[in-house]
Every structure is written in C-alpha cells, then in structure tokens.
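The structure appears below as structure tokens.
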Amino acid sequence: MATRSSIVYLALIATLATSSANADISIFGPGGPTPAMKEAALAFEKQTGIAVTVTAGPASKWMESAKIDADAIFSGSQNMMDDFITAHGGIINESVEPLFLRPSAILVRKGNPKEIKGIADLASRDLGLMVVDGAGQVGMWEDVVGRLRDVDAMKSFRSHIDILAPNSGAARDIWNSDDSIDAWLIWNHWQIDNPDIADLVPTEPDLTIYRDASIARTEKGKDSDEVTQFFAFLKGEMGASIFGNHGWQRQFD
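Here the sequence shown stands for residues -23 to -1, 1 to 230, where the numbers follow mature numbering (1 follows the signal peptide of the UniProt record, and there is no 0).
As structure tokens, then:
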C-alpha cells in the first residue's frame, strides 16, 4: 500500500514531467520581424501546445532581461546578430540559423503624390527623405545607392537625407508625425505590416539589397527540445507561408 509521502512524490514527478513536456519558450529580438514571428509563435502553440513568448523592440529595452530569460534570440540582419552575440554573452554562435530574406523598398505617402519612381529618382530630386542607419540597417542606404556605381549620385543622395533614424521603430514614429518626409528607405515588410500609413515603391532590381532574419539558441535554450521544435517549425512549410505573407522569403528571383 502506497504511503502518503510516496503518493506526493509520484504526483510531483508527474507534474514535473508534464511541465517539462510543455515548457514555454522565451525569445527576444527586434521589431521588424516581430509581426511574422508572433504569428508563427501562435501557430506553433496551436499545433504543439508549447507557448512562445516573443519580446521585441530595440535591444536596449530587453537585453538585460534576455540575458536571464531568453531561450533564443532573433535578429534583423547578420551584423545585428553579431552585435547581439557580443552584448548578450550567452548566444551560441554556431547555432545561428538564417531563416528568411526581405528586400529594400521605398515607402511613400499614400497615393504616391510625389510620383517617386525609385532610388535614382531620389538621388536626383530634393524631396523629404528619411533613412535608417542603425540596428539592422547599418550602411543600408549606402549599399543601395552604391549600386548606382556613381560617386556623384552618392553625394547627391546623401545631401537629400533629412532624417537619419536610429532604428525602424523610431523611423515609423517620425513618419507618422512629420508630413514633410516624402520617402523612407526601409525594408518591404514595414509597408506590408503597416499598409495604412504608406504605399510601397520597389527599389530598382539592380539596386535592391536583401538582409535576413536569423535565430540562435542561448545557453539557456541549448538543450531545449521545445526550441528544437520551434526552429523546425520556422524552417518548415507553415513557417515559410507565415513569413511569406509578411514579405519574407527564403529565395528571390
């Protein structure tokens, strides 16, 4: 006959086993990939019962918490992931997994009242222009304009920049509050995820650049089966479909 202490012990073991089988995951990253990542997290939870908590925004807002709580970190570019690895101290470099790419794009006011046609057009016209030169877009505008292979175009484009935003979230706030900005060089998904605030003009195909969203394990999540399952979900067909709806793809023609 089981004693009371043995019954309590067995109940505790059962509880721990259940908790282990359905442990939640905590991931942290920038704002850009977040709409797609949150949608993927909800779909993954519905499929598996494993909840994924997504904390996002500028790294300065969450890095200290991530050092304690993060099972994985996602990024909006390779240079951003390198910065996260340095700042966090517990991200496993060998686990970095590039997931999806997205292209550069120009956001314009609804209806494109200035009839902006592309990067060459912005280099030749004196319009209200904003670029982001921080976070996952360090050097982005220079890489795009540099593909014109014309130093005069680089000089002209630079002279037309009115706002150098530190990150995409700050740029969106400026865009929403300053009507003098006619064009915003950014990634395509910022228009896809915010269709009411802007229209999209593609950057010229030969000038377009692509950067990725990656994800990596931390020491905390190194041996987590739940993290393994979530990574596999992101790399599977449903993950690709969800991210694709937000403008992210594994390959572009």
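Using N, Cα and C, we set each Cβ at its ideal position, and we do this for glycine too.
State the DSSP-derived secondary structure class of Q226, mapped to helix, strand or coil. DSSP places Q226 in the strand class (E or B) of the three-state scheme.
Do you know how far the Cα of I45 is from the Cα of S(-5)? Low confidence applies here, because S(-5) scores a pLDDT of 38, under 50, leaving its location unreliable; read the following figure in that light. Rounded to the nearest angstrom, the two C-alpha atoms are 20 angstroms apart.
Which word fits E196, buried or exposed, when buried means at least 16 other C-beta atoms lie within 10 angstroms of its C-beta? Burial call: exposed.
Taking all protein chains shown into account, decide if M215 is buried (16 or more other Cβ within 10 angstroms of its Cβ) or exposed. The residue is exposed, with fewer than 16 neighbouring Cβ atoms inside 10 Å.
Of the residues I50, K38, M40 and E41, the one placed nearest V29, counting alpha carbons only: V29 has its Cα closest to that of I50, out of I50, K38, M40 and E41.
Among A217, S191 and R102, which residue has its Cα nearest to the Cα of I69? Ranking A217, S191 and R102 by Cα distance to I69 puts S191 first.
Where do the ends of the alpha helix (DSSP H) carrying T195 lie? Counted as a single uninterrupted DSSP element, the stretch harbouring T195 is not any alpha helix (DSSP H), since DSSP gives it neither H nor E.
How should L141 be labelled, buried or exposed, when 16 other C-beta atoms within 10 angstroms of its C-beta is the threshold for buried? L141 counts as exposed, since fewer than 16 other beta carbons sit within 10 angstroms of its beta carbon.
How would you call T11, buried or exposed, if buried means at least 16 neighbouring beta carbons within 10 angstroms? Counting Cβ neighbours within 10 Å, T11 comes out buried, since at least 16 surround it.
Express the C-alpha separation of K15 and S37 in angstroms, rounding to a whole number. Their Cα atoms are separated by approximately 20 angstroms.
Reducing DSSP to helix, strand and coil, say where residue 288 ends up. This structure does not reach residue 288, given that the chain is present from -23 up to 230, and the question cannot be answered.
Would T180 and I83 be called neighbours here (beta carbons separated by less than 8 angstroms)? Yes, they are a contact pair.
For R79, report the span of its beta strand (DSSP E) as first-last. Run containing R79: E74 to V85, per the beta strand (DSSP E) assignment.
Would the beta-carbon of S52 fall within 8 angstroms of that of P7? Judged by beta-carbon spacing, P7 lies within the 8 angstroms limit of S52, meaning their Cβ atoms are closer than that value.
Taking buried to mean at least 16 other C-beta atoms within 10 Å of its own C-beta, is D156 buried or exposed? Exposed: under 16 other Cβ atoms inside 10 Å.
Between which two residues does the beta strand (DSSP E) harbouring V29 extend? That run of the beta strand (DSSP E) goes V29 to A33.
If distances are taken between C-alpha atoms only, which option among W225, G198 and K212 comes closest to I4? Comparing Cα positions, the closest option is G198.
Close beta carbons around G111, own chain, < 6 angstroms, minus the five adjacent residues each side: These residues qualify, in order along the chain: P143 and N144.
Tell me M107's beta-bridge partners as DSSP assigns them. I140 and W161.
Could you check the C-alpha separation between F207 and L184 for me, to the nearest Å? Straight-line measurement puts the Cα of L184 at about 34 angstroms from the Cα of F207.
Can you look up G6 in the DSSP assignment and give me helix, strand or coil? Strand at G6.
Do the CB positions of G9 and H166 come within less than 8 angstroms of each other? In this structure, H166 lies closer than 8 angstroms to G9 by Cβ.
C-beta atoms of L78 and W225 nearer than 8 angstroms: It is a contact, given that the beta carbons lie within the stated cut-off.
Keeping to the same chain, check which residues put their C-beta closer than 8 angstroms to that of G146; ignore five residues upstream and five downstream. Answer for G146: G8, G34 and P35, listed in chain order.
By the three-class DSSP mapping on this structure, what secondary structure does R102 have? Coil at R102, not helix or strand.
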